[in-house]
Amino acid sequence: MEINNLDGQSGEVEREYGERVLVPPLNFAMVDVGIFRSAFPDSANFGFLQSLGLRSIIYLCPEPYPEANKEFLKANGIMLFQFGIEMCKEPFVNIPDEAIREALKAVLDVENHPLLIHCKRGKHRTGCLVGCFRKLQRWCLSSIFDEYQRFAAAKARLSDQRFVELFDISSLKHLPLSFSCSRRSYGRQSTVGQYSLTC
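Residues in the sequence shown are numbered consecutively from 1, following full-length UniProt numbering.
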């Protein structure tokens, strides 16, 4: 097995017989139809990301996006939404509520789908945003925390879980939500419309 780096950024691995293997970013998972999550993608993941047909990336860190990643986004017509949420390990320092609220609005806008949500490791900031999204989907807190811990593992933070638990979704309930059952298809005709959240 050798890495195919003819262009230096293919993100594919060539096998002995010319098959290509796409490499997902660390902590990659599907959240819902057209919504994915991961750790920070690098050039080895570009081929995989290209296969998703992404329209948008939701980047939750304050650091500037690397030039190679920006070039990949530009070449593939992917829009970047950056919400500069500082990493906070302090037990009583919360993630900024308004940044998560604005990021959720971008996630809920189906015009941005398919999209990828990521921070550095795909654990804490991404976990908080996905946890708040799950609240909108009316998941019970124990299921939200199970999912959070699956990605954060030994690095799970009680402050993140408290943030998700206390996050007020009432101002977001008027926004249209599309769930997996809507069977959206990108670039193809969809037979089922969007579902609206009513609380």
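Built from N, CA and C at the ideal position, the CB exists for glycine as well.
Bear in mind the structure is a predicted one, so any value in this text is a computation, not a measurement.
Sub-7 Å separation of residue i and residue j beta-carbons
{"i": "I78", "j": "L54", "result": "yes"}
{"i": "G131", "j": "I117", "result": "no"}
{"i": "L129", "j": "I100", "result": "yes"}
{"i": "I169", "j": "L115", "result": "no"}
{"i": "N112", "j": "S171", "result": "no"}
Same chain, Cβ closer than 7 Å to residue i, five either side skipped, listed in chain order
{"i": "D146", "result": "none"}
{"i": "E102", "result": "F83"}
{"i": "P96", "result": "I85"}
{"i": "R157", "result": "H124"}
Contact set for residue i: own chain, Cβ-Cβ below 6 Å, skip 5 residues either direction
{"i": "F167", "result": "C132"}
{"i": "E19", "result": "none"}
{"i": "M30", "result": "F36"}
{"i": "N27", "result": "S38, A39, G122 and F151"}
{"i": "L73", "result": "L80"}
{"i": "E71", "result": "none"}
{"i": "Y148", "result": "G127 and G131"}
{"i": "P25", "result": "S38, A39, P41 and N45"}
Nonlocal neighbours in the same chain, by C-beta distance under 8 Å from residue i, ignoring five residues either side
{"i": "S138", "result": "The sequence given here places Arg at residue 138; Ser does not occur at that position. Contacts found: none."}
{"i": "Y59", "result": "Y65, L80, F81, Q82, F83, H118 and C119"}
> Are the stretch 41-60 and the stretch 158-175 touching by the rule of at least three beta carbon pairs closer than 8 Å?
Replying inline: no
>> Across the stretch 59-67 and the stretch 80-88, are there enough close Cβ pairs to call them in contact, namely three or more that are closer than 8 Å?
In response: yes
> Which parts of the UniProt domain "Tyrosine-protein phosphatase" (27-181) are runs of the alpha helix (DSSP H), unbroken and 4 residues or longer, counting only runs that do not cross its ends?
Replying inline: 46-52, 67-75, 97-108, 124-136, 141-152 and 158-166
> Do the stretch 142-162 and the stretch 115-130 touch if we need at least three Cβ pairs shorter than 8 Å?
Replying inline: yes
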